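Protein chains: 2
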Amino acid sequence: MDIIPASPLIDPVSHRLGYLLRRASAAMMADLAHTLSSCGISPVEATVLVVIGANPGCTQSDIARLLGIKRANMVPIIARLGAEGWVERRPMNGRSHALHLTEAGMGVHNQAELRMNEQEERFSGLLQGQDAAALRAALALLVRTPEE
Amino acid sequence: MDIIPASPLIDPVSHRLGYLLRRASAAMMADLAHTLSSCGISPVEATVLVVIGANPGCTQSDIARLLGIKRANMVPIIARLGAEGWVERRPMNGRSHALHLTEAGMGVHNQAELRMNEQEERFSGLLQGQDAAALRAALALLVRTPEE
DNA sequence: TATTGTTATACTCTATAACTATA
DNA sequence: TATAGTTATAGAGTATAACAATA
């Protein structure tokens, strides 16, 4: 049950839900960053590409709300996706832009999605006897948090 | 299943394990930070207090290995716990120090542990019909990641 | 030689406040 | 008045490299 079995210390925290969530999330995010690095894209950028791919014409504020990212922090993300030629910004009504994937953007999108699927399967394979669907359902319940 | 039901967007990511882990971890950590703020302590500091409480005489390098924190990043954490008078550093062998909780440190430790237990129960209560023990077991499997 | 503790530093992520221009 | 996009900035958290003292 201890996360670091070789440690000479008693581990009084690895049974805690918050601690386990943090460590598991960090492990999977670090793995995903490495998995996606050959695509030249970060986990957040890949996620934004996937959202635009599923919602052609959405705005960056739409994406911010969906992903829980502050509006201000979307700016450098969209700027980079635009600079790479992966995302096109079409003026909508003067104050917002409709976002669309370019041809190159679709290519990166598809590559990134492939690797994300591969990673998902790899991590699901670690769940010896555990139900991956039940894990996802439980996590989704925790996201609806009494904060904000 | 969508995390933000009010969004006009199709949500193509909230079924992904990595995404759910990240959102759930962020939600619980933000809640914990708020829960512990009345103790004047951060989640990481509280975790370190708990580790020292369970392992009197351990070194900060021991704690770093257990919690997956870099040695260099332990310095300001231990410095703050020492400056508050919660942790005492007793010279061991010239290059390392044995860490112990002071009386005041035990008080903060107990308060923080109470609130962490309360938070744990509150979040476990969100798991409608889900098995909290199974969730923890599944998360622990994910922490052992093929990286590094 | 390897380890502990430390300094300095840099990079990412996140958060706020304020501004503009548009609706 | 509210929203979209932006700028600037500040604070965490995390990473590396290097060094001194010690084992």
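Line by line, the protein sequences are chains A and B.
Each residue of the first sequence is one higher than the one before, starting from 0 at the first, in numbering that gives the first Met the number 0.
Each residue of the second sequence is one higher than the one before, starting from 0 at the first, in numbering that gives the first Met the number 0.
Just so it is clear, CB atoms sit at the ideal spot from N, CA and C, and this is done for glycine as well.
The structure displayed is predicted, hence computed values, not measured ones.
Quiz item: Taking the continuous beta strand (DSSP E) assigned at R88/A, which residues delimit it?
Solution: Where R88/A is concerned, the enclosing beta strand (DSSP E) starts and stops at 86-90.
Quiz prompt | Neighbour-count burial assignment, N116/B, 16 or more Cβ in a 10 Å radius | solution = With fewer than 16 Cβ atoms within 10 Å of its Cβ, N116/B is classed as exposed.
Practice problem: For chain A, find out if any of its Cβ atoms is closer than 8 Å to the Cβ of H108/B; answer yes or no. | Solution: Answer no: the Cβ-Cβ gap between H108/B and chain A never drops below 8 Å.
Quiz item: Does the region 96-116 of chain B touch the region 35-45 of chain B, meaning 3 or more C-beta pairs lie closer than 8 Å?
Solution: Yes, they touch.
Quiz item: Quick one, are the C-beta atoms of V12/A and V74/B less than 8 Å apart?
Solution: No, the Cβ-Cβ distance between V12/A and V74/B is not below 8 Å.
Practice problem: Select from the region 47-65 of chain B all residues with a C-beta closer than 7 Å to any C-beta belonging to chain A, and list them in chain order. | Solution: Correct list: V49, V50, A53, N54, C57, D61, R64, L65.
Quiz item: Whose Cβ in chain A lies nearer than 9 Å to the Cβ of M27/B?
Solution: Going along chain A in sequence order, the residues near M27/B (Cβ under 9 Å) are L16, G17, L20, R21, L141, T144.
Exercise. Output yes or no for whether 8 Å exceeds the beta carbon distance between G52/A and R22/B.
Key: Cβ distance not < 8 Å, so G52/A and R22/B don't count as in contact.
Quiz item: Is any beta-carbon of chain B found at less than 8 Å from that of R135/A?
Solution: True, the Cβ-Cβ gap to chain B drops below 8 Å.
Self-check item: Start and end residues, alpha helix (DSSP H) containing H33/B
Solution: Run containing H33/B: 16-36, per the alpha helix (DSSP H) assignment.
Self-check item: Beta-bridge pairing of H96/B - partner residues as DSSP gives them
Solution: In the DSSP assignment, the residues bridged to H96/B are P90/B.
Practice problem: Taking P42/B as part of the alpha helix (DSSP H), name the residues at either end of that continuous run. | Solution: Note, P42/B: alpha helix (DSSP H), 42-53.
Quiz item: Taking 8 Å as the CB-CB limit, is M91/B close to chain A?
Solution: For M91/B, no Cβ of chain A is located within less than 8 Å of the residue's own Cβ.
Quiz prompt | Counted within 10 angstroms of its Cβ, other Cβ atoms place P90/B as buried (16 or more) or exposed | solution = Here P90/B is exposed: its Cβ has fewer than 16 other Cβ atoms, across all protein chains shown, within 10 Å.
Quiz item: So, is R94/A buried or exposed, given that buried needs 16 or more other C-beta atoms within 10 angstroms?
Solution: Burial is judged here by how many other beta carbons sit within 10 angstroms of a residue's own beta carbon; R94/A has fewer than 16 and is exposed.
Quiz item: CB-CB under 8 Å to T126/B, same chain, minus the five flanking residues each way: which ones, in chain order?
Solution: In the sequence as displayed, the identity of residue 126/B is Leu instead of Thr. By the criterion of a C-beta distance shorter than 8 Å, L126/B is surrounded in its chain by L134, once the five residues flanking it on both sides are discounted.
Exercise. Identify which residue in L100/B, G106/B, A78/B has its Cα closest to the Cα of E87/B.
Key: Measuring from the Cα of E87/B, the nearest candidate turns out to be L100/B.
Exercise. Could you tell me the distance, in whole angstroms, from the CA atom of K69/B to the CA atom of N92/A?
Key: Taking the straight line from one Cα to the other gives about 49 Å.
Exercise. Check each candidate in M105/A, I77/A, E83/A, A82/A and name the one with the smallest Cα separation from A97/A.
Key: Closest by alpha carbon: I77/A.
Quiz item: Could you check where the alpha helix (DSSP H) with V107/B kicks off and where it finishes?
Solution: V107/B: member of the alpha helix (DSSP H) spanning 102-123, first to last residue.
Quiz item: Quick one: is the Cβ of T58/A within less than 7 Å of any heavy atom of the ligand HEM?
Solution: In terms of ligand content, the structure shown is empty, and the ligand HEM therefore cannot be addressed.
Quiz prompt | Separation of T46/B from A63/A, as counted between CA atoms | solution = Computed Cα separation, rounded: 31 Å.
Self-check item: Interface partners of P11/A on chain B, CB under 7 Å
Solution: Neighbourhood of P11/A in chain B, by CB distance below 7 Å: V49, V50, A53, in chain order.
Self-check item: Integer Cβ distance of Q129/A from L140/B, believed to fall under 8 Å
Solution: About 7 Å separates the beta carbons of Q129/A and L140/B, which is inside the 8 Å limit, making them a contact pair.
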